[in-house]
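Numbering (my numbering), first residue to last: 1279 to 1524.
Dropping the structure here:
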């Protein structure tokens, strides 16, 4: 699973799972582009990723930002070999407290933003290229307050099933990587004061007896993006310690 001379784009790559995924590709020799909405955070991230990494400040929910991103990549690199569509957002809004603004933000970023990220990248991708979309086990097992978030991730699963038919014969593969709970600061921030208690409960649901580590999701992304998975297309890989299988 080496990526020497491969151009890899990771959206939302400046922190959390996105950074762990970007780091995995950097360690395998990729020419890496990461995006995010905050330049200072991007600069800090790229300082840890090595000389072959660069940044583009972009919000995937903004069509103008996406146009600028792909224009830059075309001018500088001429192609994309791997797209990791990771950028997204989450929120806890239980039924009865769902807001229009929260609903729109989740669908605009997670579904619309991902759709036009993939569509914008495709003209730069050739035979043998790979797209990995980061989903979530919330698509099939959303917890309390995660109904809207889970719906956005379920929508991605439906899109992938259709998209592999739309681009049949192109030689570009599209797969979905759906992590379970992963020990990141963003997860702890969402869980708030009861973070450790909830993490303990989530660990009990895993057949491995723990939640995931960010680097483990990076390794799964490497597999789906690499020639090691050349006959895997349209699949959803659950990286959740087996919790979704029992």
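Quick reminder that beta carbons are idealized off the backbone N, C-alpha and C, glycines included.
From the options, residue whose alpha carbon lies closest to that of residue i
| i | options | result |
| --- | --- | --- |
| residue 1368 | 1421, 1500, 1486 and 1479 | 1421 |
| residue 1281 | 1316, 1332, 1335 and 1407 | 1407 |
| residue 1339 | 1386, 1405 and 1473 | 1386 |
| residue 1431 | 1487, 1364 and 1474 | 1364 |
| residue 1380 | 1336, 1302 and 1425 | 1425 |
| residue 1366 | 1342, 1392, 1347 and 1373 | 1392 |
| residue 1533 | 1375, 1287, 1294 and 1341 | Given a span of 1279 to 1524 for the chain in the structure shown, any question on residue 1533 remains unanswerable. |
| residue 1414 | 1490, 1308 and 1312 | 1490 |
| residue 1503 | 1297, 1308, 1519 and 1481 | 1308 |
| residue 1371 | 1356, 1347 and 1423 | 1423 |
| residue 1478 | 1460, 1297 and 1494 | 1460 |
| residue 1600 | 1517, 1500 and 1475 | Residue 1600 lies beyond the stretch modelled for the chain, which goes from 1279 to 1524, so this question has no answer here. |
| residue 1347 | 1384, 1397, 1330 and 1300 | 1397 |
| residue 1487 | 1519, 1344, 1467 and 1498 | 1519 |
| residue 1418 | 1522, 1321 and 1492 | 1522 |
| residue 1449 | 1319, 1296 and 1360 | 1360 |
| residue 1290 | 1472, 1480, 1473 and 1412 | 1412 |
| residue 1320 | 1296, 1300, 1345 and 1292 | 1292 |
| residue 1402 | 1384, 1345 and 1296 | 1345 |
Presumed contact (8 Å Cβ cut-off) between residue i and residue j, rounded CB distance
| i | j | result |
| --- | --- | --- |
| residue 1362 | residue 1410 | 5 Å |
| residue 1378 | residue 1433 | Between residue 1433 and residue 1378 the Cβ distance is about 18 Å, and since that is not below 8 Å, they are no contact. |
| residue 1464 | residue 1294 | 5 Å |
| residue 1312 | residue 1323 | 6 Å |
| residue 1304 | residue 1328 | 5 Å |
| residue 1506 | residue 1279 | 6 Å |
Minimum Cβ-Cβ distance from residue i to chain D less than 8 Å
| i | result |
| --- | --- |
| residue 1508 | The chain inventory of the structure shown lacks chain D, comprising one protein chain alone. |
Buried versus exposed, by CB contacts within 10 Å (16 or more), residue i
| i | result |
| --- | --- |
| residue 1395 | buried |
| residue 1457 | buried |
| residue 1470 | exposed |
| residue 1333 | buried |
| residue 1451 | buried |
| residue 1514 | buried |
| residue 1440 | exposed |
| residue 1508 | exposed |
| residue 1500 | buried |
| residue 1342 | exposed |
| residue 1510 | exposed |
| residue 1325 | exposed |
| residue 1436 | exposed |
| residue 1331 | buried |
| residue 1318 | exposed |
| residue 1296 | buried |
Residue i, enclosing beta strand (DSSP E) - first and last residue
| i | result |
| --- | --- |
| residue 1285 | 1285 to 1288 |
| residue 1354 | Not the beta strand (DSSP E): residue 1354 falls in the alpha helix (DSSP H), residues 1341 to 1354. |
| residue 1514 | 1514 to 1517 |
| residue 1363 | 1360 to 1363 |
| residue 1331 | 1331 to 1335 |
| residue 1309 | 1309 to 1314 |
| residue 1370 | Neither: residue 1370 is in no beta strand (DSSP E) and is coded neither H nor E. |
| residue 1409 | 1408 to 1412 |
Element boundaries [alpha helix (DSSP H), containing residue i]
| i | result |
| --- | --- |
| residue 1297 | 1294 to 1305 |
| residue 1324 | 1317 to 1324 |
| residue 1435 | 1425 to 1444 |
| residue 1451 | That residue, residue 1451, is in no alpha helix (DSSP H); its beta strand (DSSP E) goes 1451 to 1457. |
| residue 1495 | 1492 to 1503 |
| residue 1484 | Residue 1484 -> no alpha helix (DSSP H), and no H or E assigned at all. |
| residue 1384 | 1378 to 1385 |
Closer than 7 Å: residue i CB and nearest the ligand SAH heavy atom
| i | result |
| --- | --- |
| residue 1319 | Ligands displayed in this structure: none; no statement on the ligand SAH is therefore possible. |
Within 8 Å, strictly: CB atoms of residue i and residue j
| i | j | result |
| --- | --- | --- |
| residue 1358 | residue 1399 | yes |
| residue 1404 | residue 1416 | no |
| residue 1374 | residue 1453 | no |
| residue 1496 | residue 1336 | no |
| residue 1285 | residue 1350 | no |
| residue 1498 | residue 1455 | yes |
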